[in-house]
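**Q** In this text, residue positions in the sequence shown follow my numbering: the first is 14, and each later residue adds one.
Structure below; questions to follow.
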Amino acid sequence: MIYNIADFGAKGDGKTKCTEAIRAAFDKCKADGGGTVYVPCGKYLTGPVYLESNTVLNLEAGAELIFSNDISDYKVVTSRWEGVKRDCYESCINAYNKTNISITGRGTINGNGKMWWDLFLAKKNEYPRPKLIAPYECEHVLIQGVFLTNSPSWTINTILCNNITVDTVSIKNPADSPNTDGIDPESCRNIHISNCHIDVGDDCIAVKAGTEDTADRVSCENITITNCTMCHGHGGVVLGSEMSGDIKYVTISNCVFEGTERGIRLKSRRGRGGVIEDIRVNNIIMNKVHCPFIANLYYNCGPRGEEEFVWDKNPRPITADTPAYRRLNFSNITCKEASASAGFFYGLAEMYVEDCSFEDVFVSMDSDGVADFPAMAKDVEMCTQKGFFLSNVRGIRFSNFTIKNVDGPAFILENAEDIVFSNCRIEEPAYECEPITQKNTKNIRVSELD
């Protein structure tokens, strides 16, 4: 059955609030056992919407849901915010413990987020902002075809869900809009993200699994990300920093990153715990990123990030709160006009980043690039045209890895063990110097480095 919101009193004039009409359409759809709630061409102002099991929210081409700026429309509910369960404003589109829910069509969902961004920047928001679409503990979730824009905060944030598909979705949030990530699966399983275009004010895709303050540590796993384009965001695909429940079994393939500040970025710190493992990145093109490859365990942004135990470079006891990265594989990647650094791997003194490989990778540095941080850690300085920095690492293999136009050593190693360079090249160095610098290294094997 199809339930047209206009038949329930919704007016597409962009001025009349249609919240009750839309909710009535969903109530009737639910009572009849499921179906499609249909949004015809027009602009519909509304408060928060709740999806029901076995329902489709379908927006016709030319249809636009515009979410209200009236804070009284948004109840305070218990949800997750940045990995921690707490009171938040309800999201624009919500679903709690539902099965078989879909958002489809060629229409627009407009979060009307500027008021929320201004409140956040002025530190006047009483509770964390709404997300645009936030299913919670749901099964079989499909988001397909729609255009999402002006999200108050994260655009799609699936939490504790299973079997999620996000396909042919376009997301556009202003470059200066705070924390407007594109797609953030959080402690979910069986996630499929494909054919999307994401241009946002924070991370394009960020995979998360809760922080050390999350009581139930649930992994985020079995994730495929393919055939997507990412623009401008802080990171193309980011894993963490909320990773206390583990992130594992992730493939990222056939994507283009254009002007994202960083490319593939892993970030966490002491106290978080959890492991990121078994990640495969293949067939990627990056253009004008600050740093294409980051695995940083000294990430210091956010709560408690400035405490000594986060930035201390001396080994500390390994506990359940020690995070770990392992088995990261990168292949068939081209990165042009990288500005800050060719790569940045920074393991903990007591927990090295280990068992990683780079094969058939080309990185060209930008001689006109603006200085920036390759990653966020207390002792890391802004730089331009620098090589691949590796500290506290073990078992890293570089095969057919080319760095062009680097200013200084192509590879900077410290506290590194079992590193292999095979058929690697340095093209057009800014000046002649040693291709590899070493400090406290062991078992470094070089074959055909020129």
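Cβ atoms here follow ideal geometry from the backbone N, Cα and C, with glycine treated the same way.
Are the CB atoms of Arg-488 and Ser-166 nearer to each other than 7 Å?
**A** Because the chain here runs from 14 to 463, residue 488 falls outside it and cannot be looked at.
**Q** In the DSSP assignment, the beta strand (DSSP E) including Met-128 goes from what residue to what residue?
**A** First-last for Met-128: 127 to 134, but that is the alpha helix (DSSP H), not the beta strand (DSSP E).
**Q** Sort Ile-439, Asn-456 and Thr-59 by Cα distance to Leu-462 and report the nearest one.
**A** For Leu-462, the nearest C-alpha among the options comes from Ile-439.
**Q** With DSSP as the reference, identify every bridge partner of Tyr-338, one or two as the case may be.
**A** Ile-289
**Q** Note down, one range per segment and in chain order, each alpha helix (DSSP H) of at least 4 residues found wholly within the segment 292 to 327.
**A** 321 to 324
**Q** Are the segment 118 to 137 and the segment 153 to 170 touching, with three or more C-beta to C-beta distances below 8 Å?
**A** yes
**Q** So, under 8 Å CB-CB, Ser-164 and Asn-186 are touching, yes? Tell me the CB distance rounded to an integer number of Å.
**A** 6 Å
**Q** Smallest Cα separation from Gly-408: which of Asn-456, Ile-146, Glu-441 and Cys-268?
**A** Asn-456
**Q** In chain order, what residues of the same chain have a beta carbon less than 8 Å from the beta carbon of Asn-3, not counting five sequence neighbours either side?
**A** Residue 3 falls outside the range modelled here, since the chain spans only 14 to 463, and no answer is possible.
**Q** So does the segment 262 to 280 actually touch the segment 299 to 307, counting three or more Cβ pairs closer than 8 Å?
**A** yes
**Q** Output needed for Ser-344: all residues of its chain with C-beta closer than 6 Å, excluding positions within five of it in sequence on either side, in chain order.
**A** Asn-295, Glu-372 and Asp-373
**Q** Work out the CA separation of Ala-355 and Cys-437 for me, nearest whole Å.
**A** The alpha-carbon atoms of Cys-437 and Ala-355 are separated by roughly 14 Å.
**Q** Closest to Trp-94 by C-alpha separation, out of Lys-144, Ser-370, Ala-76 and Asn-113, would be which residue?
**A** Lys-144
**Q** How about Gly-284 and Asp-259: do their beta carbons lie closer than 7 Å?
**A** no
**Q** Taking the alpha-carbon positions, what's the Ala-390 to Asn-309 distance?
**A** 8 Å
**Q** What is the residue span of the beta strand (DSSP E) that Asp-368 lies within?
**A** 366 to 378
**Q** Do you know whose CA, among Ser-377, Ala-108, Gly-382 and Lys-56, lies nearest Val-69's CA?
**A** Ala-108
**Q** Do you know offhand how far Ile-146's Cα is from Ile-169's?
**A** Answer to the nearest angstrom: the Cα atoms are 5 Å apart.
**Q** For Thr-242, collect the residues of the same chain with a Cβ closer than 6 Å to its Cβ; drop the 5 residues on either side in sequence, then sort them by chain order.
**A** His-210 and Val-269
**Q** Starting from Ala-429, trace the beta strand (DSSP E) in both directions and tell me its first and last residue.
**A** 424 to 440
**Q** On the DSSP bridge list, what partners appear for Lys-185?
**A** Looking at the DSSP output, Lys-185 shares a beta bridge with Thr-162 and Asp-212.
**Q** Where do the N-terminal and C-terminal ends of the beta strand (DSSP E) with Ala-219 fall, by residue?
**A** First-last of the beta strand (DSSP E) with Ala-219: 218 to 220.
**Q** Considering only C-alpha positions, which residue in the set Val-220, Gly-253 and Gly-214 is nearest to His-245?
**A** Gly-214
**Q** Counting pairs of Cβ atoms below 8 Å between the segment 127 to 138 and the segment 190 to 199, do you hit three or more?
**A** yes
**Q** When you compare each of Thr-224, Arg-230 and Val-251 to Asp-197 by their alpha carbons, which one comes out closest?
**A** Among Thr-224, Arg-230 and Val-251, the Cα nearest to that of Asp-197 belongs to Val-251.
**Q** Would you mind stating whether Asn-123 and Glu-73 have Cβ atoms separated by less than 7 Å?
**A** no
**Q** On the three-state DSSP scale, how would you describe Lys-144?
**A** coil
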